[in-house]
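Presented below is the structure to which this report refers.
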Amino acid sequence: MQLSAHGHILYLSCKDTSAALKIKKGSAVDIWNYKDGFLQSEQSNILKDNRWRYINFCLDLQTGIIRKLRRDDSEIVDVVAGLSDRLVIIRKNAILAHSNAEDYWNKKQKLIDELQDLVTGERTVLPKMIADIPVDQAESDYLVLKDPDEPDFYSYQLSTHTLTNLTSELGLPLVDQKWIDLGHDRPNRNLLLSCRINDDHHVLIYDTYDPWIVDLSGREKAICLTNEFGRKNNIQFTLLPGTLKSKAGIIRLPENFTVANFNFDDKKEGFYEIVLSRIAEDPIQLSQAAVHCRIDHFFNGSGLSCAENGKGCLVSVETAEKSANIYFTKDFKAFKPISDFYPEKQYNWLTAELISFPSLSGARLQGVLYKPENFDASKKYPVIFYFYEGMSDNLHHFLTPGLSLGAINIPWFVSHGYLVCTPDILYTIGEPGASALNCVVSAAKYLAQFPWVDSARMGLNGHSWGAFECNYIVTHSHCFAAAVSGSGVSDMISHQGSQMLDGSSLMFMDERSQNRMEASLWENPQRYIDNSPIFNANKITTPLLMMANKGDVVVPYQQGRELFISMRRLQKKAWLLEYDDEGHVLFKPKNQMDMTIRLDQFFGYYLKGEPAPKWMVEGIPARMKQIDAGYEPEPGIEPQ
Numbered sequence: 262m263q264l265s266a267h268g269h270i271l272y273l274s275c276k277d278t279s280a281a282l283k284i285k286k287g288s289a290v291d292i293w294n295y296k297d298g299f300l301q302s303e304q305s306n307i308l309k310d311n312r313w314r315y316i317n318f319c320l321d322l323q324t325g326i327i328r329k330l331r332r333d334d335s336e337i338v339d340v341v342a343g344l345s346d347r348l349v350i351i352r353k354n355a356i357l358a359h360s361n362a363e364d365y366w367n368k369k370q371k372l373i374d375e376l377q378d379l380v381t382g383e384r385t386v387l388p389k390m391i392a393d394i395p396v397d398q399a400e401s402d403y404l405v406l407k408d409p410d411e412p413d414f415y416s417y418q419l420s421t422h423t424l425t426n427l428t429s430e431l432g433l434p435l436v437d438q439k440w441i442d443l444g445h446d447r448p449n450r451n452l453l454l455s456c457r458i459n460d461d462h463h464v465l466i467y468d469t470y471d472p473w474i475v476d477l478s479g480r481e482k483a484i485c486l487t488n489e490f491g492r493k494n495n496i497q498f499t500l501l502p503g504t505l506k507s508k509a510g511i512i513r514l515p516e517n518f519t520v521a522n523f524n525f526d527d528k529k530e531g532f533y534e535i536v537l538s539r540i541a542e543d544p545i546q547l548s549q550a551a552v553h554c555r556i557d558h559f560f561n562g563s564g565l566s567c568a569e570n571g572k573g574c575l576v577s578v579e580t581a582e583k584s585a586n587i588y589f590t591k592d593f594k595a596f597k598p599i600s601d602f603y604p605e606k607q608y609n610w611l612t613a614e615l616i617s618f619p620s621l622s623g624a625r626l627q628g629v630l631y632k633p634e635n636f637d638a639s640k641k642y643p644v645i646f647y648f649y650e651g652m653s654d655n656l657h658h659f660l661t662p663g664l665s666l667g668a669i670n671i672p673w674f675v676s677h678g679y680l681v682c683t684p685d686i687l688y689t690i691g692e693p694g695a696s697a698l699n700c701v702v703s704a705a706k707y708l709a710q711f712p713w714v715d716s717a718r719m720g721l722n723g724h725s726w727g728a729f730e731c732n733y734i735v736t737h738s739h740c741f742a743a744a745v746s747g748s749g750v751s752d753m754i755s756h757q758g759s760q761m762l763d764g765s766s767l768m769f770m771d772e773r774s775q776n777r778m779e780a781s782l783w784e785n786p787q788r789y790i791d792n793s794p795i796f797n798a799n800k801i802t803t804p805l806l807m808m809a810n811k812g813d814v815v816v817p818y819q820q821g822r823e824l825f826i827s828m829r830r831l832q833k834k835a836w837l838l839e840y841d842d843e844g845h846v847l848f849k850p851k852n853q854m855d856m857t858i859r860l861d862q863f864f865g866y867y868l869k870g871e872p873a874p875k876w877m878v879e880g881i882p883a884r885m886k887q888i889d890a891g892y893e894p895e896p897g898i899e900p901q
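Going by the numbering used here, the first residue of the sequence shown is number 262, and it counts up by one from there.
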């Protein structure tokens with residue numbers, strides 16, 4: 262149940278008993294039809310959501326009149342919000358939202374937002390999806406809309422049904438450079454809608470770097486609060502709502518206010534002051550340091566708490582070397598420590614440094630190199646490369662030690678005498694595998710120059726998308742002594758016809774998402790072949806440990822089995838871990854502990870020369886499952 266803005270309308274749902282067939286006749290057969298809007302497997306999962314059995318109604322508490330919001334028995338609608346005692350936003354197919362993976366080509370999977378007049382019953386289809394609903398729903402005449410396939414935000418005036426593009430005139434690139442670096446070329450200005458600001462007809466919108474105040478009527482020119490200083494200097498700015506007054510969910514800007522910043526070049530964070538009367542000037546820097554404060558675009562995050570009287574703030578500050586502690590500040594210039602809690606002092610902790618190196622193609626790349634706290638430049642260290650998209654922005658983040666969820670825990674391995682490097686991946690459209698190869702091998706060549714790096718004992722580790730990249734790298738490079746991939750794709754072609762556990766197609770991952778094919782299999786088959794590690798399994802010389810679990814809702818576990826079976830046929834050194842009742846990552850502590858031990862033993866053998874364990878040398882028969890873990894070492898015996 263839900264009340265309208267003024268409390269006069271009650272929205273409720275009632276079970277549709279007529280929709281449920283009480284008698285089942287005929288064969289138990291799923292009939293798949295190419296005209297179906299959703300696959301039969303998706304439909305079967307959708308039936309588990311009881312919402313489809315309910316019909317939405319609205320009750321006028323003043324008149325007692327009840328109105329049905331569903332127009333026919335086949336229509337499924339949800340109430341998104343009541344804008345007044347007369348106007349309500351209805352969303353069709355909302356139950357299917359978790360399964361609309363094909364909506365970029367399949368019109369039957371498109372979600373549709375509509376305005377319904379509760380008096381006349383008239384429905385108006387909104388031209389785009391709802392992106393923002395006013396907090397004080399009875400006050401505003403504007404909604405903010407956005408099509409997920411378009412680069413801009415729009416306002417929709419309820420009284421006139423006028424649609425206005427809010428961001429096309431901001432002077433921002435149609436395709437944001439960081440979006441290009443991620444391996445995409447579809448229009449995307451990389452904009453984020455934050456909140457209503459100053460009044461009900463202005464909103465705060467962030468681009469990659471700077472915050473903008475945008476007039477929903479479109480009559481006023483948008484104002485950049487930071488004079489585009491962020492874009493000019495590769496800095497990202499974030500307002501601090503906790504330091505600003507708000508009423509009915511609308512942020513009110515004073516003459517002077519503080520914003521946080523993050524520098525993409527050196528990864529430092531700090532604070533700037535903005536003066537509204539001098540908005541055409543650059544913001545004034547208050548402080549800057551090699552720290553992380555856990556502040557994001559939408560909330561203060563866990564890193565900031567301000568006094569209601571405005572006389573001070575508590576800021577959480579951490580570095581890679583020191584866990585988070587609380588500091589008090591009145592002006593964001595001087596910070597007084599309040600807590601002094603450093604449990605890592607008891608252990609051989611780590612240091613983190615930003616490295617910059619050229620890729621094989623000549624581009625400038627960044628990464629983070631983690632070293633043991635007791636690092637000795639006179640020794641030679643094995644190196645593990647761990648990668649997932651871009652990780653250099655995490656330079657000053659404190660990494661919590663713990664058991665493995667499927668990938669290495671960086672503090673654990675650094676504390677045990679490894680160097681760990683997390684290089685950024687710069688992507689080219691349609692070449693995700695080659696892009697990863699370029700960046701990771703470049704990082705390896707760069708580190709191999711240092712006398713304290715054992716270039717003969719370098720390892721790879723990737724999980725999920727990083728696991729695909731790991732699989733690709735070992736099929737195209739011979740410079741790594743060992744590799745571990747968890748829950749990763751090995752065959753882009755079979756992946757095209759695979760499904761998630763909810764029954765939905767995974768094609769969108771290849772064509773429109775992280776796999777970066779940006780084309781269907783039939784539009785560019787060679788692209789799929791080139792990016793499938795399975796086609797080059799015969800070239801693998803790196804021992805490979807994999808994890809693939811049947812409960813994986815993201816990457817079908819057959820992807821891991823497919824590569825393992827191929828390597829086994831080719832008599833390549835390969836091991837595959839499958840944990841019962843686990844999915845994309847490990848949740849059970851006993852399995853996390855098991856994975857941690859096996860990672861330690863696998864890398865210990867290949868990168869440190871430690872004895873190989875029984876499970877690597879002899880294997881563990883199925884009849885000994887849960888009886889013999891095979892941890893015990895087999896000195897002097899090499900895995901065959």
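Note that CB positions come from ideal geometry on N, CA and C, so glycine has one too.
When the Cα atoms are used, R328 and T385 turn out to be separated by approximately 17 angstroms. The Cβ atoms of A809 and R822 lie closer than 8 angstroms to each other.
Under DSSP, the beta-bridge partners assigned to T683 are V629.
Below 8 angstroms, too few C-beta pairs join the region 811-822 and the region 693-709 to call them touching: fewer than three. Per DSSP, the unbroken alpha helix (DSSP H) holding M877 starts and ends at K875 to V878.
Under the criterion of beta carbons closer than 8 angstroms, A624 and L687 qualify as touching, at roughly 6 angstroms.
If the five residues before and after K506 are omitted, its C-beta is found closer than 6 angstroms to the C-beta atoms of R513, all from its own chain and listed in chain order. Restricting attention to alpha helix (DSSP H) runs no shorter than 4 residues, the region 753-816 encloses them at 753-757, 768-772 and 786-791, ordered along the chain. For L630 and G432, the gap between their C-alpha atoms comes out near 37 angstroms. 8 angstroms or more divides the Cβ of D763 from the Cβ of E411. N785 and D771 have their C-alpha atoms spaced approximately 12 angstroms apart. Proximity of the region 837-844 to the region 764-783 falls short of the contact definition, fewer than three beta-carbon pairs being nearer than 8 angstroms. The continuous stretches of beta strand (DSSP E) do not include Q607, and DSSP gives it neither H nor E. Nearest to E430 by alpha-carbon distance, out of E530, R450 and D310, is R450.
In this structure, the beta-carbon distance from I535 to L486 falls below 8 angstroms. Under a 10 Å Cβ-count criterion, S577 is classified as buried, with 16 or more other Cβ atoms of the shown protein chains found around its own Cβ. If you look at M390, you'll find it in the beta strand (DSSP E) that goes M390 to D393. Per DSSP, reduced to three states, the secondary structure at Q710 is coil, with no helix or strand assignment.
Taking a contact as a CB-CB distance under 8 angstroms, the pair K529 and L615 does not count as one, their CB atoms being some 10 angstroms apart. Taking C-alpha positions only, V714 is separated from P388 by approximately 58 angstroms. Nearest in C-alpha terms to L621, of all of K508, K706 and G891, is K706. Look at L868 here: in three-state DSSP terms it is helix. For the region 341-388, the full-length beta strand (DSSP E) segments reaching 3 residues or more read 348-353, 373-378 and 384-386 along the chain. Residue pairing by DSSP places Y533 opposite V520 and Q546 in a beta bridge. Contact between S725 and L860 does not hold, since the beta-carbon distance rounds to 16 angstroms and is not under 8 angstroms. For R822, the enclosing alpha helix (DSSP H) starts and ends at Q819 to R830.
Of the candidates P804, I826 and V815, I826 places its Cα closest to the Cα of I795.
One Cα belongs to K296, the other to N367, and the distance between them is close to 10 angstroms. In the three-state reduction of the DSSP assignment, F318 falls in the strand class. Cβ contact annotation for S566 (same chain, cutoff 6 angstroms, sequence separation greater than five): L575, in chain order.
With a cutoff of 8 angstroms on beta-carbon distance, R718 and P643 are scored as near each other. Per DSSP, the continuous alpha helix (DSSP H) segment holding P672 begins and ends at I671 to S676. If you ignore the 5 residues before and after E542, its C-beta comes within less than 8 angstroms of the C-beta of N488 and V536, all in its own chain and listed in chain order.
Its chain contains L376, Q377, D378, L379 and L419 as the residues whose beta carbon lies nearer than 8 angstroms to that of L348, once the 5 sequence neighbours on both sides are disregarded; these appear in chain order.
Secondary structure of Y840 (DSSP, three-state): coil.
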